[in-house]
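Q: If you scroll down you'll find the structure; I have some questions about it.
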Amino acid sequence: MDSHTSQHKTPPIVTIQQHILQEQRKHCPHATGNFSWLLSGITLATKMTEARIRRAGLLDVLGAVGQTNIQGEEQQKLDVFADQALIHCLGVRENVAIIASEECEDAIIFENRAGKYIIVFDPLDGSSNIDVNVSVGTIFSILTMPDNGNELKDPSEAVLQPGVKQLAAGYVVYGSSTVMVYTTGHGVHGFTLDPAIGAYILSNENIRMPDAGNYYSSNDAYWETFPEAYRDYLTFLRSGAAGRNYALRYIGSLVADFHRTLLRGGVFLYPPTQKNPEGKLRLLYEPNPVA
């Protein structure tokens, strides 16, 4: 090997499983492997969903199923598939105590297990855009059973924990490439799915959002119904008073809009409107994990 070749070595490939184990050895040397086994269920389900999305125009998987979910939203066929994939891949793991999906009215409780993990997810965020090939995604959050979990009359109440109690969280963007971003509280890391080998490969380690960006994401179609304080703030961003003129970039898929904001900087917000006075995003399934 000549000196020129030695200076341009290909960096080692690090899969998400390898990265998780490395992080565990670094920050939790006494880990049992249960957590990495849990995350492998999430990665497997998202790969199943990715494969179905890639063939969406060729299979009968586009369009609605004729039902609404607990949020009052029309369910898409791919919503149902992604939901079932996550429930199946996580449900067979004995360390899972509760699964809570945005698509389901009730949490799935595994009462005959000694599991300690609670998994919360939005199986397919932005699915109303899937028919027109807009990026969609999966959002997930991992919690642990509270100390008084066995004393709760309704075990599903264990799901209702503040965001600071999350053990890990992340999302997957199904776009021009499929990217998983996750954190366990020790940095935010991004992985790109290599379809040739079927593995998520480390592509962005220790992601940091830029201090400032050039874009803001907001559904300005509802501008007239935004509270005055929100209109004033958005006008401030657009006016250049913040040191730059923020331009509107809004896809309509939280995962896609947030992923751009994370990498490029900027602002994402979903103000209250007359139709949704409390806002449209569900704290448990969306803002907590991406935060």
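In this text, residue positions in the sequence shown follow this note's numbering: the first is -6, and each later residue adds one.
Don't be surprised by glycine CBs; every beta carbon is placed ideally from N, CA and C.
Computed from a predicted structure; not experimentally measured.
(1) If you pair each beta-carbon of the region 188 to 197 with each one of the region 261 to 277, do three or more pairs fall below 8 Å?
(2) Measure from the alpha carbon of Leu195 to the alpha carbon of each residue in Ser211, Asp213, Val174 and Phe74, then state which is nearest.
(3) Among Phe103, Lys19 and Gly156, which one has its Cα closest to the Cα of Arg275?
(4) Helix, strand or coil: how does DSSP classify Gln154 here?
(5) Tell me whether Pro116 sits in a helix, a strand or coil according to DSSP, three-state version.
(6) Suppose the cutoff is 6 Å on Cβ atoms and the five residues either side in sequence are ignored; what does the same chain contact list for Glu95 look like?
(7) Out of Asn126, Gly34, Gln10 and Leu227, which has the shortest C-alpha to C-alpha gap to Val85?
(8) May I ask which residues mark the beginning and end of the alpha helix (DSSP H) holding Phe251?
(9) So Gly180 and Thr254 are supposed to be a Cβ contact under 8 Å. How far apart are they, rounded?
(10) Any contact between the region 119 to 126 and the region 91 to 108? By contact I mean 3 or more CB pairs, one from each, below 8 Å.
(11) Helix, strand or coil: which one does DSSP assign to Tyr243?
(12) Between the C-alpha atoms of Asp224 and Tyr239, what's the straight-line distance to the nearest angstrom?
(13) Could you check which residue in Cys21, Lys19, Pro5 and Ala38 has the C-alpha nearest to that of Tyr164?
(14) With Ala192 as the anchor, note down where its alpha helix (DSSP H) starts and where it stops.
(15) How would you label Leu227, buried or exposed, when you count the other beta carbons within 10 angstroms and need 16 or more for buried?
(16) Are the CB atoms of Met138 and Ala90 nearer to each other than 7 Å?
(17) Would Val260 pass as a contact of Tyr209 if the rule is Cβ separation under 7 Å?
(18) Can you name, in chain order, every residue of its own chain whose Cβ lies under 7 Å from the Cβ of Leu230, other than the five neighbours on each side?
(19) May I have the straight-line CA-CA distance separating Tyr167 from Pro280, to the nearest angstrom?
(20) Identify the continuous beta strand (DSSP E) that holds Thr176 and give its terminal residues.
(21) Nearest-angstrom Cα distance between Gly26 and Gln17?
(22) Have a look at the DSSP bridge pairing and note the partners of His81.
(23) Once DSSP output is grouped into helix, strand and coil, what is the label at Ser211?
(24) Here's a check: name, in chain order, each residue in its chain whose Cβ is nearer than 8 Å to the Cβ of Ala249, leaving out the five neighbours to either side.
(25) Beta carbon of Glu43, beta carbon of Thr218: below 7 Å?
(26) Determine the contact status of Leu79 and Leu117, defining contact as a CB-CB distance below 7 Å.
(27) State the beta-bridge partners of His182 as determined by DSSP.
(28) In this structure, does DSSP put Leu145 in helix, strand or coil?
(29) Sort His23, Leu31 and Pro22 by Cα distance to Ile9 and report the nearest one.
(30) Got a sec? Which residues, its chain only, sit under 8 Å from Val152 by beta carbon, not counting five neighbours each side?
(31) May I ask you to report which of helix, strand or coil DSSP gives Phe133?
A: So, from the listed chains and residues:
(1) Result no; under three Cβ-Cβ pairs closer than 8 Å.
(2) Here residue 195 corresponds to residue number 202 of the sequence shown, with the count starting at 1. For Leu195, the closest of Ser211, Asp213, Val174 and Phe74 by C-alpha to C-alpha distance is Val174.
(3) Within the sequence shown, the letter at position 282 stands for residue 275. Of the candidates Phe103, Lys19 and Gly156, the residue whose Cα lies closest to the Cα of Arg275 is Gly156.
(4) As a working note, residue 154 is residue 161 in the sequence shown. Gln154 falls in the coil class under three-state DSSP.
(5) As a first step, residue 116 must be located in the sequence shown, where it is residue number 123. The three-state secondary structure of Pro116, taken from DSSP, is strand.
(6) Locating residue 95 in the sequence shown gives position 102, counting from the first residue. Asp115 and Tyr278.
(7) The residue labelled residue 85 in the question sits at position 92 within the sequence shown. Checking every option, the nearest Cα to that of Val85 belongs to Gly34.
(8) Residue 251 sits at position 258 when you count from the first residue of the sequence shown. Where Phe251 is concerned, the enclosing alpha helix (DSSP H) stretches over Leu247 to Arg257.
(9) For the purposes of this step, residue 180 is taken as residue 187 along the sequence shown, with counting starting at 1. For the purposes of this step, residue 254 is taken as residue 261 along the sequence shown, with counting starting at 1. Incorrect: roughly 18 Å between the Cβ atoms, too far for contact.
(10) Result no; under three Cβ-Cβ pairs closer than 8 Å.
(11) Working through the sequence shown from its first residue, we reach residue 243 at position 250. Coil, per DSSP.
(12) Indexing the sequence shown from 1 puts residue 224 at position 231. Indexing the sequence shown from 1 puts residue 239 at position 246. In the sequence on display, residue 224 carries Arg and not Asp. Cα-Cα distance, rounded: 14 Å.
(13) On the sequence shown, position 171 is the one that residue 164 refers to. Checking every option, the nearest Cα to that of Tyr164 belongs to Ala38.
(14) Indexing the sequence shown from 1 puts residue 192 at position 199. For Ala192, no alpha helix (DSSP H) encloses it; the enclosing beta strand (DSSP E) starts and ends at Ala192 to Asn197.
(15) Taking the sequence shown and counting its residues from 1, one reaches residue 227 at position 234. By the neighbour-count rule (16 or more Cβ atoms within 10 Å), Leu227 is buried.
(16) By one-based count along the sequence shown, residue 138 stands at place 145. By one-based count along the sequence shown, residue 90 stands at place 97. Between Met138 and Ala90, the C-beta gap is smaller than 7 Å, which places the two residues in contact.
(17) On the sequence shown, residue 260 is found 267 positions in, with the first residue counted as 1. On the sequence shown, residue 209 is found 216 positions in, with the first residue counted as 1. Yes, these two residues count as a Cβ contact at 7 Å.
(18) The residue labelled residue 230 in the question sits at position 237 within the sequence shown. Only residues of its own chain outside the window of five on either side were considered, and among them Tyr209, Tyr239 and Val260 have a CB closer than 7 Å to the CB of Leu230, listed in chain order.
(19) To locate residue 167, count along the sequence shown from 1; it is residue 174. To locate residue 280, count along the sequence shown from 1; it is residue 287. The alpha-carbon atoms of Tyr167 and Pro280 are separated by roughly 19 Å.
(20) One-based indexing of the sequence shown puts residue 176 at position 183. Per DSSP, the unbroken beta strand (DSSP E) holding Thr176 starts and ends at Thr171 to Thr176.
(21) Counting from one through the sequence shown, the residue named residue 26 turns up at place 33. Counting from one through the sequence shown, the residue named residue 17 turns up at place 24. Taking the Cα positions, Gly26 is about 9 Å away from Gln17.
(22) Start at 1 with the first residue of the sequence shown, and residue 81 comes out as number 88. Paired residues: none, contrary to the question.
(23) Walking along the sequence shown from the start, residue 211 turns up at place 218. Coil at Ser211, not helix or strand.
(24) Within the sequence shown, residue 249 is the residue found at index 256, counting from 1. Excluding positions up to five away in sequence, the list reads Gly119, Val127, Ser128, Val129, Gly130, Val166 and Gly168.
(25) The residue given as residue 43 occupies position 50 in the sequence shown. The residue given as residue 218 occupies position 225 in the sequence shown. Cβ atoms of Glu43 and Thr218: not closer than 7 Å.
(26) The sequence position of residue 79 within the sequence shown is 86, counting from 1. The sequence position of residue 117 within the sequence shown is 124, counting from 1. Against a cut-off of 7 Å, the Cβ pair of Leu117 and Leu79 comes out as no contact.
(27) As a first step, residue 182 must be located in the sequence shown, where it is residue number 189. His182 is bridged by DSSP to Tyr175.
(28) In the sequence shown, residue 145 corresponds to position 152, counting from 1. DSSP, reduced to helix, strand and coil, places Leu145 outside both helices and strands of the structure shown, so it counts as coil.
(29) Numbered from its first residue, the sequence shown carries residue 9 at position 16. When His23, Leu31 and Pro22 are compared, the shortest CA-CA separation from Ile9 is found for Leu31.
(30) As a first step, residue 152 must be located in the sequence shown, where it is residue number 159. Within the same chain, and ignoring the five residues on either side of Val152 in sequence, the residues whose Cβ sits closer than 8 Å to its Cβ are Ile91, Ala93, Ala100, Ile111, Val113, Leu136 and Leu277.
(31) As a position in the sequence shown, residue 133 is number 140, starting the count at 1. Phe133: strand per DSSP, three-state reduction.
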